[in-house]
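Working notes, beginning with the structure itself.
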Amino acid sequence: MTAPSSRLGRGLGSLLGEEGMSDRIREVSTLSIDRINPNKDQPRRVFDQEKLTELANSLKEKGMLQPVLVRKLEDGSYQIIAGERRWRAAQIAGMQEIPVIEKKLNDAETLEISLLENIQREDLNPVEQARAFERLVTEYHYSHKQVGDSVGKSRMAVSNTIRILKLPPAILQHLELGRISTGHARALLARIDDENFLEEIVEKIVRENLSVREIEKMVSKPEPSLPNPPDPLPPPTPWIEETTTQIPTETLETLDETPTILPDPPSSSASVRVQPDPTLAAAETRISQRFGVAVAIQRIGGKRRIVFECENEDTLQRLVDFFQQDNLSG
């Protein structure tokens with residue numbers, strides 16, 4: 071495993087040198103296209119053939135204005151760091167040589183530059199981006215914050231992107247092909263344990279063009295065959311249970327009084343029962359049905375505290391995603 075260098079997680083400026091052209095970069099040269107190989111770890115997996123043909127026609131007319139970034143391997147061949155799309159188009163155009171810039175980089179640096187270039191060009195689909203982020207974390211020991219710093223995203227955005235990979239392959243394929251959005255995918259994570267249900271929902275998204283909000287409501291509602299969410303714990307509303315004490319008959323006869331039942335005085339040992347507040351109970355039910363989790367509302371002085379009971383990290387993250395939506399107040 072390659073540990074991240076001090077230059078990683080700081081963007082292209084750091085990787086290429088603060089001056090833009092450091093002594094680690096050689097002059098632009100030309101290489102035979104046959105000596106150049108694509109990077110098998112390239113984050114981008116899907117190339118639009120129609121756009122490649124358009125680029126090939128442009129290369130025939132104007133030539134390749136931007137060199138391909140490469141690194142030399144031990145066997146003497148060259149591997150593409152950035153510019154695979156241009157290399158593919160050059161092959162279609164029938165070019166024998168292309169301009170290149172050679173740079174000395176390790177595997178982690180190569181992956182980061184390739185990732186950054188594709189993101190800046192908006193060339194990666196959400197699944198490709200998530201897989202690239204995950205590789206930086208698992209293989210090159212980046213933290214989510216380091217990944218975010220590299221690509222200009224927050225730590226939370228990186229974490230949410232990687233979480234998409236928990237979805238079944240069939241659902242990820244719909245996302246790769248653009249049939250559902252990233253927002254749809256994040257909402258579907260709430261039902262990650264029910265693949266059949268997810269496939270039905272995706273079909274409805276494609277067929278009926280459902281919004282992310284509509285999907286959030288669908289995945290948060292319990293299925294008809296399932297019981298309602300468990301009753302939340304209501305706030306304590308104590309009362310004193312009355313107990314009775316019978317005065318001895320001998321004493322009553324002595325006093326010549328009619329037998330009387332007297333209540334015991336309140337004591338700290340008196341039994342306490344909990345009785346729900348109807349208003350709070352109704353609010354708990356509505357919130358629980360909206361989010362699909364058990365909810366308890368507690369009365370604390372003049373304030374109210376809402377407690378969500380999350381069964382796992384995915385449920386918690388779904389709530390966090392919802393409350394962080396930019397249009398929540400709209």
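Positions in the sequence shown are counted from 1; adding 70 to them yields our numbering. Beta carbons are placed, not taken as given, at the ideal position from N, Cα and C, and that holds for glycine.
Cut-off 7 Å between Cβ atoms - residues of its own chain near residue i, not counting five sequence neighbours on either side
i: A163; result: A126, L129, K130
i: F267; result: R261
i: D391; result: N230, R256
i: A227; result: G218
i: K236; result: L259, I262
i: L402; result: There is no way to answer for residue 402, as the model of the chain reaches only from 71 to 400.
i: D401; result: The structure shown does not extend to residue 401, since the chain spans only 71 to 400, so no value can be given for it.
i: M288; result: I271
i: M165; result: I103, L129
i: R205; result: L181
i: K274; result: L280
i: Q161; result: I103
i: M134; result: R156, A160, I168, P169
Beta bridge counterpart(s) of residue i as assigned by DSSP
i: A366; result: V377
i: E167; result: S102
i: K27; result: Residue 27 lies beyond the range of the chain shown here (71 to 400); nothing can be said about it.
i: N107; result: Q149
Beta-carbon gap between residue i and residue j smaller than 8 Å
i: I232; j: F203; result: yes
i: V98; j: I171; result: yes
i: T123; j: P169; result: no
i: I271; j: I285; result: yes
i: R360; j: S290; result: yes
i: A240; j: E278; result: no
Buried/exposed call for residue i, threshold 16 Cβ in 10 Å
i: V377; result: exposed
i: L350; result: buried
i: K373; result: exposed
i: R356; result: exposed
i: N382; result: exposed
i: S224; result: exposed
i: V116; result: exposed
i: L147; result: The sequence shown places Ser at residue 147, not Leu. So S147 counts as exposed.
i: G153; result: buried
i: E182; result: buried
i: F393; result: exposed
i: L175; result: buried
i: R155; result: buried
Own chain partners of residue i with C-beta closer than 8 Å, once the 5 adjacent residues on each side are dropped
i: I234; result: P196, V197, A200, L242, L245, T252, A255, R256, L259
i: W157; result: I103, I106, P108, V138, I150, I168
i: M71; result: Below a pLDDT of 50, predicted positions are generally treated as unreliable, and M71, at 48, falls in that range; no measurement from the model is reported.
i: C380; result: V363, L386, L389
6 Å CB neighbourhood of residue i in its chain, flanking five on each side removed
i: P238; result: E265
i: A159; result: L122, L125, A126, L129
i: V276; result: R249
i: K215; result: R225
i: R375; result: Q368
Check whether the segment 208-223 and the segment 240-248 are in contact - that is, three or more C-beta pairs closer than 8 Å.
As far as the Cβ criterion goes, the segment 208-223 does not touch the segment 240-248, which means the pair count is below three.
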